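Have a look at the structure below, then the notes.
Residue numbers (UniProt numbering): 1 to 364.
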């Protein structure tokens with residue numbers, strides 16, 4: 001039985017000026033953070049209670065400290081652990097002790113962040129970890145993997161891994177091939193039967209090719225855009241796995257010949273090229289809950305049941321994909337054990353010192 005209280009790494013009610021964390025932004029609304037006691041969450045009838053063992057870290061985690069999150073909310077999104085208790089009508093055929101992993105929306109709730117000893121999650125929005133897969137590897141299939149699925153399968157409409165692949169010759173362009181989301185996207189695209197053209201720094205060429213990229217261009221080379229357009233004039237689909245103004249524009253230009261479609265991780269992006277459709281996305285719509293960023297002034301996002309269904313479908317097929325190594329995790333940098341390692345990892349991510357790897361740590 002779970003204890004009544006738990007440790008969690010969370011934002012505080014204080015703003016700039018505290019001692020635990022000072023991440024001032026130009027908006028000047030950053031929160032402090034600390035490790036402290038919270039009530040252990042109680043799962044609803046449709047949820048399971050997870051005892052968290054390992055977590056992976058993402059840039060969105062520190063962004064929820066800097067700007068996006070709410071005071072007194074538990075941080076962290078990616079997790080792996082064991083089932084502690086099961087709601088009476090929770091889907092997934094879960095049993096106490098099962099190995100479980102997934103993603104949650106850290107930074108806006110006081111019972112759902114992954115940087116905690118326990119969290120609750122809908123039973124059909126998590127996946128069962130095969131016995132051959134360590135917790136530290138399973139924790140990675142959260143924000144990055146789900147974002148890749150959402151972009152390619154839900155937005156671009158590519159075939160799912162259990163569906164018939166596209167006809168030979170169809171191509172997809174991915175900007176920023178060495179990001180974690182892009183490494184997952186490359187593999188999802190290959191399972192769908194597409195050829196993948198991507199960009200990255202030269203030192204990552206071998207990495208992205210090892211995950212299935214067919215052609216790789218140097219994003220720093222100003223001639224790369226024209227080289228891609230000349231070699232691949234029929235490119236009509238693109239995924240911006242970086243999510244910046246320059247990368248959005250690059251992707252739009254790549255598919256301009258066909259008035260193609262671009263999906264980007266930047267929720268504020270707009271098409272930079274006339275005739276090119278640019279669709280934005282944000283991973284958190286997969287939970288089937290309405291939410292708001294930068295409350296109370298930020299944008300609101302309504303319930304998207306189709307995105308929730310997509311996550312449930314993805315996680316239902318993920319154990320087999322992982323066990324058969326059809327969807328491999330990005331390279332892992334293990335950061336050790338303990339809550340004190342969380343802040344160190346976030347500092348590395350914020351300073352831009354992490355490339356081609358996922359930071360993972362065990363909480364205990």
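Built from N, CA and C at the ideal position, the CB exists for glycine as well.
Computed from a predicted model, the values in this text were never measured in an experiment.
{"query": "Could you tell me whether the stretch 308-315 touches the stretch 285-300, where touching means 3 or more Cβ pairs closer than 8 Å?", "result": "yes"}
{"query": "Is the beta carbon of residue 207 less than 8 Å from the beta carbon of residue 240?", "result": "no"}
{"query": "If residue 39 sits next to residue 5, beta carbons under 8 Å apart, how far is it from one beta carbon to the other, in whole angstroms?", "result": "6 Å"}
{"query": "Rounded to whole angstroms, what is the Cα-Cα separation between residue 252 and residue 258?", "result": "10 Å"}
{"query": "Between which two residues does the alpha helix (DSSP H) harbouring residue 353 extend?", "result": "Residue 353 -> no alpha helix (DSSP H), and no H or E assigned at all."}
{"query": "Output yes or no for whether 8 Å exceeds the beta carbon distance between residue 140 and residue 329.", "result": "yes"}
{"query": "Within the stretch 246-276, note down every full beta strand (DSSP E) run reaching 3 residues or more, in order along the chain.", "result": "261-264"}
{"query": "Measure the beta-carbon distance from residue 33 to residue 75 and round it to whole angstroms, keeping in mind my assumption that it falls under 8 Å.", "result": "7 Å"}
{"query": "Terminal residues of the continuous alpha helix (DSSP H) containing residue 209?", "result": "205-210"}
{"query": "Who are the Cβ neighbours of residue 59 in its own chain at under 7 Å, not counting the five residues just before and after it?", "result": "349"}
{"query": "Less than 8 Å between the beta carbons of residue 128 and residue 319, yes or no?", "result": "yes"}
{"query": "Is DSSP giving residue 365 helix, strand or coil here?", "result": "The question about residue 365 has no answer here: the residues shown for the chain are numbered 1 through 364."}
{"query": "For the alpha helix (DSSP H) that contains residue 225, what are its first and last residues?", "result": "224-231"}
{"query": "State the DSSP-derived secondary structure class of residue 324, mapped to helix, strand or coil.", "result": "coil"}
{"query": "Quick one, are the C-beta atoms of residue 255 and residue 225 less than 8 Å apart?", "result": "no"}
{"query": "Starting from residue 6, trace the beta strand (DSSP E) in both directions and tell me its first and last residue.", "result": "5-11"}
{"query": "Any idea what DSSP makes of residue 24, helix, strand or coil?", "result": "The predicted position of residue 24 is uncertain, since its pLDDT is 37 and thus under 50; a value taken from the coordinates is nonetheless stated next. Coil, per DSSP."}
{"query": "Identify the continuous alpha helix (DSSP H) that holds residue 192 and give its terminal residues.", "result": "Per DSSP, residue 192 belongs to no alpha helix (DSSP H) and is neither H nor E."}
{"query": "Under 7 Å Cβ to Cβ from residue 196, same chain only, skipping five residues before and after it: list those, please.", "result": "172, 174, 186, 189, 190, 212, 213, 214"}
{"query": "Rounded to the nearest angstrom, what separates residue 205 and residue 355 at their Cα positions?", "result": "13 Å"}
{"query": "Cβ of residue 48 within 8 Å of Cβ of residue 85?", "result": "yes"}
{"query": "Looking only at its chain, what residues have a beta carbon closer than 7 Å to the beta carbon of residue 209, apart from the 5 residues adjacent to it on each side?", "result": "216"}
{"query": "Suppose you measure from the CA of residue 154 to the CA of residue 144; what does that come to, to the nearest Å?", "result": "15 Å"}
{"query": "Would you report the Cα separation of residue 9 and residue 105, rounded to the nearest angstrom?", "result": "14 Å"}
{"query": "Between the C-alpha atoms of residue 375 and residue 357, what's the straight-line distance to the nearest angstrom?", "result": "Residue 375 falls outside the range modelled here, since the chain spans only 1 to 364, and no answer is possible."}
{"query": "My understanding is that residue 108 touches residue 126, with C-beta atoms under 8 Å, so please give their C-beta distance in whole angstroms.", "result": "Their Cβ separation, rounded to whole angstroms, is 19 Å, which puts residue 108 and residue 126 out of contact at 8 Å."}
{"query": "For the beta strand (DSSP E) containing residue 155, list its first residue and its last residue.", "result": "Unbroken run through residue 155: none, as it is neither H nor E."}
{"query": "Spell out the partners DSSP gives residue 127 in its beta bridges.", "result": "101"}
{"query": "Hey, quick one: how far does the alpha helix (DSSP H) through residue 60 stretch, first residue to last?", "result": "59-63"}
{"query": "Which residues mark the beginning and the end of the alpha helix (DSSP H) in which residue 137 is found?", "result": "135-138"}
{"query": "Cβ atoms of residue 50 and residue 92: under 8 Å apart, would you say?", "result": "no"}
{"query": "Leaving out five residues before and five after residue 333 in sequence, what residues of the same chain have Cβ atoms less than 6 Å from its Cβ?", "result": "357, 359"}
{"query": "Could you tell me the distance, in whole angstroms, from the CA atom of residue 238 to the CA atom of residue 227?", "result": "16 Å"}
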